[in-house]
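**Student:** First to last, the protein sequences are chains A, B and C. For what it's worth, numbering that gives the first Met the number 0 labels the leading residue of the first sequence as 0, then goes sequentially. For what it's worth, numbering that gives the first Met the number 0 labels the leading residue of the second sequence as 0, then goes sequentially. For what it's worth, numbering that gives the first Met the number 0 labels the leading residue of the third sequence as 0, then goes sequentially.
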Amino acid sequence: MAHYKILGQDPYWMNFFGLMFLTLIEVAAVGLDLSDFAAGYNTTEKVVTLWILTLIAIPKFIMIAAIFMHLYGDDDSKILTMTALFPAFFIIIMVLFIGLTHPEAATGLPDWCRPGNYGL
Amino acid sequence: MKRKTLITRSMVALILISVAMVVSPAVNSLPTGVGGTGIQTSGCNCHAAAPTATIDVTLDGLPDQYNSSETYTITVSFEGGPIESGVNSGGFNLWASGGEFTVIDATVQSRATAEVTHTEVGNDYRTWTMEWIAPSHGRNVDFILHVNSVNGDGSNSGDSWNRLDLSVVGSLGVGLDPADPFTVLATLIIISSVLLLITILYGFYRTNPEAFDWEHLAPWITEWLTSTDHKKIGTLYFIQGLFFLGIGGILAMMIRLQLAGPEMGFISQDQYNQFFTLHGTTMIFLAAMPLINGFANWIVPLQIGAPDLALPRINALSFWLQPFAALLIFTGVFSGQGADTGWTGYAPYVVSAGAHSGVTMWVAGQIMLVASSTLTGINFLTTMAVMRAEGMGWMQMPLFTWSILVANLMLFLSIPAFGIGLLQVYLDRTISTAFYDIAAGGDPLLWSHLFWYFGHPEVYVVIVPAFGVISEVLATSARRSIFGYRSMVYAMAGIGIVAFIVYGHHMFTSGMSPSLRFVTMLTTMLVAVPTGIKIFNWLKTMHGGSLVYRTHTLWALGFLVTFTLGGISGMFFPSIAMDTHLHETYFVVAHFHYVLVGGTVFGFFAAIYYWYPKMTGRMLDERLGTLHFLTAFVTYNGIFWPMHRLGVVGMPRRTHTYFITTDDFTNLPEWAADWNLFISVCAFLFFFSNFIMVFNMLISLARGQKAPADPWGGWSFEWMTSSPPPTPSFDWNNLPVLKDANEHIAHEPSVMGIWFNKLMVPEDNEEVNN
Amino acid sequence: MSGYDDDHAPQPWGPHDWHHGAPHNSFSPLFLSMGVAIFLFSLAQAWSYGTYTPGHIPTILLGLAVVGFSMIIWWRQDISFDGHYEPISTGVPFRGIQVRKVAVWVFLMSEMMVFTSLFSTYMRYRLGIENCGTVFERGLFDPVTNPTGWQEGVAVTCFEPASHLIASSWWHLAPGAINTFALILSSFTIVQALRYAKMPDLDDEVRRKKVYRYLGSTWILAILFLTLKMVEWFIGFYVPEISAIGLHEHDIVSLVSEGYTINADHYQHHSYVDEATGAHMVANIQVSASLFYVTTGTHGAHVAGGIIGLSYMTLKAWKGLYTPANAVSIEYFGLYWHFVDLVWVLVFPFFYLY
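1. At a Cβ threshold of 8 Å, is S1 (chain C) touching chain B?
2. Can you tell me the Cα-Cα spacing of G544 (chain B) and R478 (chain B), whole angstroms?
3. Please decide whether L277 (chain B) counts as near chain C, where near means a Cβ-Cβ distance under 8 Å.
4. Got a sec? Which residues, its chain only, sit under 8 Å from P28 (chain C) by beta carbon, not counting five neighbours each side?
5. Can a CB atom of chain B be found closer than 8 Å to the CB of H101 (chain A)?
6. In three-state DSSP terms, what is R644 (chain B)?
7. By DSSP, does F686 (chain B) sit in helix, in strand, or in coil?
8. What is the rounded straight-line gap between the Cα of R206 (chain C) and the Cα of F16 (chain A)?
9. Do A303 (chain C) and Q285 (chain C) come within 8 Å of each other at the CB atom, strictly closer than that value?
10. Can you pull the chain A residues whose beta carbon is under 9 Å from the beta carbon of K208 (chain C), in chain order?
11. On the DSSP letters alone, give me the boundaries of the beta strand (DSSP E) that Q108 (chain B) sits inside.
12. Please name the residue or residues paired with E130 (chain B) in a DSSP beta bridge.
13. Taking Cβ-Cβ distances below 9 Å as the criterion, which residues of the region 611-638 of chain B are in contact with chain C?
14. By the 10 Å Cβ neighbour count, where 16 or more other Cβ atoms means buried, how is P668 (chain B) classified, buried or exposed?
15. Does the CB of I92 (chain A) have a neighbour CB from chain B at under 8 Å?
16. Spell out the partners DSSP gives N130 (chain C) in its beta bridges.
17. Kindly give me the distance between the Cβ atoms of M112 (chain C) and F89 (chain A), rounded to whole angstroms, as I take these residues to be in contact under 8 Å.
18. Rank B:M650, B:N689, B:M642, B:R617 by C-alpha distance to the C-alpha of H627 (chain B) and give the top, closest one.
19. Where does the unbroken alpha helix (DSSP H) through I462 (chain B) begin, and where does it stop?
20. Under the DSSP definition of a beta bridge, which residues are partnered with T584 (chain B)?
21. Should T156 (chain C) be labelled buried (16 or more other beta-carbon atoms within 10 Å of its own) or exposed?
22. With 16 other CB atoms within 10 Å as the buried threshold, where does W12 (chain A) fall?
23. Please go through the same chain and pick out, in chain order, the residues whose beta-carbon is closer than 8 Å to the beta-carbon of V66 (chain C), but skip the five residues on each side of it.
24. Name the chain A residues that come within less than 7 Å of S27 (chain C), Cβ to Cβ?
25. Just verifying my parser: in three-state terms, what is the DSSP assignment at I284 (chain C)?
26. Which value, in whole angstroms, describes the spacing of the CA atoms of P10 (chain A) and G132 (chain C)?
27. Indicate the three-state DSSP secondary structure (helix, strand or coil) for G245 (chain B) in the structure shown.
28. Spatial neighbours of V346 (chain C) within its chain, please: CB distance less than 7 Å, with the 5 preceding and 5 following residues excluded, ordered by chain position.
29. Does the CB of H337 (chain C) have a neighbour CB from chain A at under 8 Å?
30. Please classify D340 (chain C) as buried or exposed, where buried requires at least 16 other C-beta atoms within 10 Å of its C-beta.
31. On the CB-based measure, 16 or more other CB atoms within 10 Å of its CB, does M229 (chain C) come out buried or exposed?
32. Assuming N147 (chain B) is part of the beta strand (DSSP E), what are its boundary residues?
33. What three-state label does DSSP hand M506 (chain B) in the structure shown?
34. Using a Cβ cut-off of 7 Å, pull out every chain B residue sitting near F106 (chain C), in sequence order please.
35. From the DSSP output, in three-state form, read off Y635 (chain B) for me.
36. By the criterion of Cβ-Cβ separation under 7 Å, what are the contact partners of W361 (chain B) in chain C?
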């Protein structure tokens, strides 16, 4: 159980509110029209949305893992966190080798399979 | 009047003919002869879609009933058709279901022993003569004669053809129907199952000969069906593994029967596809993995001083998922529509309607096996992480336990990828999702990635426990501690991690990303290094020790030879250029059988001879064991060693037959047929030699010498309990403590150990003794 | 515990006396395997390449019933668990942590790999297949190869993310957003259940009420999640006009009704009309739809699994059987449940919003 406090309040309540707040930002990022904002940074709205979503998802992930799943502040937090993070290597390998390689090997080979092309 | 583009009748005819030519089975129709796979079913349809009745075909010279092995001069001729004589006026193909044709002039040539056609010279004739030597079997012989009557203009239009079927009676009459391979297989499976049942009942009888009745049988069976004790579950895995090793062996025997000679007619290509699929799936998932799990379940808790695994009921669930999965996978055998995709199940064939309906059952069974393996991995990892006896740090664990740890780590981290791939295939085949539907944009290479992401760690999962066994066996046999314990551990851990980044070497010819191919080539070459370290450590263990030759020692030595050879043959594949030549040939088959049978299976034979006294309380007979080793080892090498050379000259794998004719580019040299026959004979001898071990196990169970707690002088924990151990294996309230572990490991903690200790152990706990 | 030669006979059908340790006999694994095999077999008989053959529903239900039966046996053995036997790790570095907690974390490692595989598939296809929006904006017009532009009825293969439909309006987003809220709230309620179960110095009746109410709320929220998912996928919903609060009428059509299905090889969306020819642009979006439904469906299946576990736990809590000694069992489930929430935190933005 969490023996610490967040901003003087019960950590689980605060975590819940924090997560809700972040979710609201996420939904707003998609619902609102950000095309002017995107034009200001010389990119498309889609790219801006993707950045916002990724940057919000990371703290949400950490908040749930650390506070709800007791990976912060418990006696056994350290080893359990290392256990939880152990698959990171295997996840990175799978994303790199399967997620980011080209799916058109069966049909579209000549386009990217050229000498000097070192992409995935 | 505006002239529109005319679609004439000849244009339509030309289009139809082109389509028909593309679509119809290959028929080589040239001035130099007629033949090919499709002629018996579709006729000479290149010339015309249907036979012409006005062509009058005759086959003279055949008797009504032939005499055994007698030679008859026969004449093929026909009347009718476009022109009467001249250049390119006729052609024929004559096929017989028995006997042999002999060519007597230059107008005729042989396509196969019992098939003849015309030559380029013979293309100008309308009548041909040859000799037929009747067979000696006495059964009826069927003849199928196709003749072409061509108009000599060099094209296919205006030609006609016709077909004649003839039957010559033999003294025996119709004779037996050719054996249906599926009937044979199903019969053998049923016989094996009945034998297993009888053995089980006999085992029950031996527990108490006086009490052989239902009142005693029901609780005995209930105990076995419901037990969560690791020793019982280990035995169940064992029985399942050995049973399916036998079934896989039966499949292999039938494959070898088919390959014993060129162009054997026992198994057709379609049936053969199902046979090698089932052989691979059975051997890896239903034989090798359960055997490993059997030993892991039995020995790991004993070696670490734990009373049972961390999650006993889940352990039972892991086991019971397997027989039911086997039922699903084998439904195809009994329906004749088994999976025919290879154990690798490549897309898009695996999701195509052309593949048999048994593929869906195969996929469903595999999904259950994925669940079983995941649960096993979780269970063992947790057990080894948390339930070691006091005083047993990580670097005091016996090497078999370490090998099971690394294997399970690889297994349960890689198998979800396979599970998701299977789910995608299952859904594609049932509710018609589009993961591998090429027309919809699906990518067949995705399956290859997901499958081999699991598939490569999987093959290390089956070999690493064998490494562990060999370490135990050699150390005990050499009567010293294993040389380089720490490097052995790091080597296994290294193999475990690198295994995940080499899977692309199975996909070098698939067209996958070139950068990935390059990376994989390097990493695959790298992964041989830790394995090599282990081999040198084993050699040094023996060199520094004094070897006692028991049967398990013999098997360990055999392992060293065959696994090293398999590893070396494997080192040809990282080079993409070599792999392109060797891919899908028998060289691959030789390599993986050397490491799988010569590695895993031999390792587990050693384990059987080593731990059988512990598990059953009886000693195995050493003479039978030595006989088993000698016969099995020699015949095994007879099977797989020649396959290397066959692969190099290009004998392809997964094809149901091979040709030794001289005019086909896939033909093999003449000695290939002889060696294939040799391999098949050795295969049968190997198969039956293993029954020596089964016989030994059963006889010893009944009448073997009683085994002491430590028959071989080993010093890991399992030798400190009785043979067999009690249940529970250790008393929860009185767990063993590893006190004097400095006999076989370094005394000082390693750098990693000290760092880990500082990081992990809370300050108020006492320091761990290293 | 001194061995099985004590006075209690094995109870393979349950119940089980946990004072001697974990059950050493159980029929549950056997029946669970049997049920799963029957279920998978019948499912494959019922559906084949999208063709449904009637008559197999009874066997599918039989498979599920056998699975249910096996779970009942499992729970009969578990319900008497009161924390007396909770093995603690002896091995470094996990020393002092409950064995089953370590087991749950190891299990979560494998679940991470499951969802990584699904995400990798999604990434591969999403990056590899061109987005429908881009294709349609570009049009099929090419002065040399296709001067006539888009032809009515010709379908092009492209990637249509579900977010194009879901993120098109606030109302379309509503079920997904409420689901996110529901899952986060349920993570909170399960942690509260754990807190009250663990709290020392609490009156038994107060504890019972708190724990079963929090567990029950988690259960309700999980059901809500699945219900809204079905609404979103199949049912759709209707918002009536309430001029008093300025609410306009909305008829939110479900994804399937919009044509976003796994068989959609002639998918038309109203916004994609070729300006040059006026033809409705048509797409083959089977891969996109398959990815969406299977990924979110796998997550939904995990929620369903959680509901099954929660049903048992709520029942046990209602009977007042959770005490500080066995409260850690709630934590084990909680870890799984938080993981399900974590996956949703990743699925929601990348499948629903982007």
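Using N, Cα and C, we set each Cβ at its ideal position, and we do this for glycine too. Keep in mind the model is a prediction, meaning the values are calculated, not measured.
**Tutor:** Let's see:
1. Locating residue 1 (chain C) in the third sequence gives position 2, where the first residue counts as 1. Any answer about S1 (chain C) is weak, because its pLDDT of 32 lies below 50 and its placement is not dependable; what the coordinates show is given next. It does; some Cβ of chain B falls within 8 Å.
2. By one-based count along the second sequence, residue 544 (chain B) stands at place 545. By one-based count along the second sequence, residue 478 (chain B) stands at place 479. Straight-line Cα distance between these residues: approximately 6 Å.
3. The residue you call residue 277 (chain B) lines up with position 278 of the second sequence. No, L277 (chain B) does not count as interfacial toward chain C.
4. As a working mapping, residue 28 (chain C) is identified with position 29 in the third sequence. The answer, listed in chain order, is S69.
5. Here the question's residue 101 (chain A) lines up with position 102 in the first sequence. Taking 8 Å as the CB threshold, H101 (chain A) lines the interface with chain B.
6. One-based indexing of the second sequence puts residue 644 (chain B) at position 645. Three-state result, R644 (chain B): helix.
7. Locating residue 686 (chain B) in the second sequence gives position 687, counting from the first residue. Helix, per DSSP.
8. For the purposes of this step, residue 206 (chain C) is taken as residue 207 along the third sequence, with counting starting at 1. For the purposes of this step, residue 16 (chain A) is taken as residue 17 along the first sequence, with counting starting at 1. C-alpha separation (whole angstroms): 25 Å.
9. Numbered from its first residue, the third sequence carries residue 285 (chain C) at position 286. Numbered from its first residue, the third sequence carries residue 303 (chain C) at position 304. Contact: no.
10. Locating residue 208 (chain C) in the third sequence gives position 209, counting from the first residue. By Cβ distance, chain A contributes nothing, its closest Cβ being about 19 Å from K208 (chain C), past 9 Å.
11. The count along the second sequence starts at 1 and reaches residue 108 (chain B) at position 109. From DSSP, the beta strand (DSSP E) with Q108 (chain B) extends over 107-111.
12. To locate residue 130 (chain B), count along the second sequence from 1; it is residue 131. Paired residue(s): B:T72, B:T101.
13. none
14. Mapped onto the second sequence, residue 668 (chain B) falls at position 669. P668 (chain B) comes out exposed.
15. As a working mapping, residue 92 (chain A) is identified with position 93 in the first sequence. So yes, I92 (chain A) belongs to the interface.
16. For the purposes of this step, residue 130 (chain C) is identified with residue 131 of the third sequence, where counting begins at 1. Paired residues: C:F158.
17. By one-based count along the third sequence, residue 112 (chain C) stands at place 113. By one-based count along the first sequence, residue 89 (chain A) stands at place 90. So it is a contact: roughly 7 Å between Cβ atoms.
18. The count along the second sequence starts at 1 and reaches residue 627 (chain B) at position 628. Here the closest residue by C-alpha is B:N689.
19. Within the second sequence, the letter at position 463 stands for residue 462 (chain B). I462 (chain B) -> alpha helix (DSSP H) spans 443-476.
20. Position 585 of the second sequence, counting from 1, holds the residue named residue 584 (chain B). Bridge partners of T584 (chain B): B:P651.
21. Start at 1 with the first residue of the third sequence, and residue 156 (chain C) comes out as number 157. Counting Cβ neighbours within 10 Å, T156 (chain C) comes out buried, since at least 16 surround it.
22. As a position in the first sequence, residue 12 (chain A) is number 13, starting the count at 1. Residue environment: W12 (chain A) is assigned as exposed (fewer than 16 neighbouring CB atoms within 10 Å of its CB, all protein chains considered).
23. By one-based count along the third sequence, residue 66 (chain C) stands at place 67. These residues qualify, in order along the chain: F30, L31, G34, V35, F38.
24. Taking the third sequence and counting its residues from 1, the one referred to as residue 27 (chain C) is at position 28. In chain order: nothing, as chain A lies at least about 28 Å away.
25. Mapped onto the third sequence, residue 284 (chain C) falls at position 285. I284 (chain C) falls in the coil class under three-state DSSP.
26. The residue labelled residue 10 (chain A) in the question sits at position 11 within the first sequence. The residue labelled residue 132 (chain C) in the question sits at position 133 within the third sequence. Each residue's Cα considered, the two are about 44 Å apart.
27. Residue 245 (chain B) sits at position 246 when you count from the first residue of the second sequence. Three-state result, G245 (chain B): helix.
28. Sequence index remark: in the third sequence, residue 346 (chain C) carries index 347 (1-based). So the qualifying residues of the chain are T294, T295, H298.
29. For the purposes of this step, residue 337 (chain C) is identified with residue 338 of the third sequence, where counting begins at 1. Yes, H337 (chain C) counts as interfacial toward chain A.
30. For this step, residue 340 (chain C) is matched to residue 341 along the third sequence. Looking at its Cβ environment, which holds 16 or more other Cβ atoms inside 10 Å, D340 (chain C) is buried.
31. What you label residue 229 (chain C) is simply residue 230 of the third sequence in a count that begins at 1. M229 (chain C) should be labelled exposed.
32. The residue labelled residue 147 (chain B) in the question sits at position 148 within the second sequence. Here the beta strand (DSSP E) through N147 (chain B) covers 140-148.
33. For the purposes of this step, residue 506 (chain B) is taken as the residue at position 507 of the second sequence. Taken through DSSP and simplified to helix, strand or coil, M506 (chain B) comes out as helix.
34. In the third sequence, residue 106 (chain C) corresponds to position 107, counting from 1. Going along chain B in sequence order, the residues near F106 (chain C) (Cβ under 7 Å) are I377.
35. Translated into positions along the second sequence, residue 635 (chain B) becomes position 636. Here Y635 (chain B) sits in helix by DSSP.
36. Locating residue 361 (chain B) in the second sequence gives position 362, counting from the first residue. Correct list: empty, because the minimum Cβ distance to chain C is about 10 Å.
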